[in-house]
Amino acid sequence: MANLPKTEAGHELAIHVRGVSKTFGQGEAAIHALKDVDFDARKGEMLMIVGPSGCGKTTLLSVIAGTLTFEKGEIDVFDAALQGMKQRAITEFRKRNVGFIFQQFNLIPTINLLENVSVPLLINGWTRRRAEEKAAATLAVVGLAGREKDLPTMMSGGQQQRVAIARALVHDPRLVICDEPTSALDKDTGGHIMELLREVARHPDRCVVVVTHDSRVFKYSDRMAEMEDGRVERIHESFDQYANKQGL
Ligand SMILES: Nc1ncnc2c1ncn2[C@@H]1O[C@H](COP(=O)(O)OP(=O)(O)O)[C@@H](O)[C@H]1O
Ligand SMILES: [Mg+2]
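First residue of the sequence shown? That's 40 in my numbering, and the numbers climb one at a time after it.
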């Protein structure tokens, strides 16, 4: 079990990444997606990661969530030290502690919304009845009460994204990881979802990390990290600080 250090200002860390490298392929074809990257996220915050396409944002999220292995470095996520863990333990950790919201919603097309949102609870051993009660309540939070029996294929892109968000939050994960969560949403829905995610983050033992290109949602962040070429180059202490620098 890791004991995460506090920052100089006394913030408790949720994520601590040091010197992590990830390479895809070998030899001349090797792509160095992460190059000795350092990165921290605090408990109770919503941190956004921005940066050009291909700079390693999705790869960074994946190594933090334990869905990708890495060659070198250390990653602590809450009380788990990923570099020392067996794959089975990482899977267990992820099941309990991590909620994902992907760009492609990854919903199961052949089962209804209630069943889709129940999945994370069922794999954590909940009974179907309790899982479906919690799933229905979570669908209501994202504005989809009454749609429990519909299939994902009957929903618009924005509605499917809201189902994906309900599924990511239903088991009250400590870490919520979002890869371009609002790209399919209109402005109002995107804002509503970001407010919801921010509420989730405002908990002393949680953290939300969002990768986004969508400048409309930057203002919901507590801090902003800029990635370039496989590394986190800068962290801005507020959206205003980032906006001033970018001349937004
Ligand atoms: N599974 C993979 N196999 C090979 N190369 C990959 C794979 N995933 C990502 N890459 C490469 O790694 C680099 C970083 O990708 P990614 O993390 O997806 O960037 P971003 O999310 O910032 O657009 C890119 O050059 C990409 O082509
Ligand atoms: Mg990406």
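Beta carbons: idealized from backbone N, C-alpha and C, even for Gly.
If you're wondering where the values come from, they're calculated on a predicted model, not measured in any experiment.
Using 8 Å for Cβ pairs, my map puts residue i next to residue j. What's the rounded Cβ distance?
i: L43; j: H55; result: 5 Å
i: M124; j: D261; result: So it is not a contact: roughly 28 Å between Cβ atoms.
Roughly how many angstroms separate the alpha carbons of residue i and residue j, rounded to a whole number?
i: I162; j: V89; result: 32 Å
i: R237; j: A119; result: 24 Å
i: Q65; j: A170; result: 44 Å
i: M193; j: E267; result: 39 Å
i: K96; j: I129; result: 21 Å
What are the boundary residues of the alpha helix (DSSP H) that residue i is part of?
i: I103; result: K96 to A104
i: E171; result: R167 to V180
i: A207; result: G196 to L208
Could you check which residue in the options has the C-alpha nearest to that of residue i?
i: E110; options: Y281, S254, T46 and T62; result: T62
i: G142; options: E272, D279, E276 and V249; result: It should be pointed out that residue 142 corresponds to Gln in this sequence rather than to Gly. Among E272, D279, E276 and V249, the Cα nearest to that of Q142 is on V249.
i: S254; options: D279, V271 and V116; result: D279
i: N145; options: R201, Q126 and V76; result: R201
i: A179; options: D218, R206 and R213; result: R206
Considering only DSSP beta bridges, list what residue i is partnered with.
i: A264; result: I88 and I274
i: I140; result: C217
i: R81; result: L52
i: L73; result: K61
i: K125; result: DSSP lists no partner for K125.
i: K284; result: In the DSSP output, where bridge partners are listed per residue, K284 has none listed.
i: V249; result: M87 and C217
Starting from residue i and walking both ways along the beta strand (DSSP E), at which residues does that stretch end?
i: V17; result: In the structure as shown, the chain begins at 40 and stops at 287. Residue 17 is therefore absent and cannot be evaluated.
i: K61; result: L52 to F63
i: V256; result: No beta strand (DSSP E) contains V256, which DSSP labels as neither H nor E.
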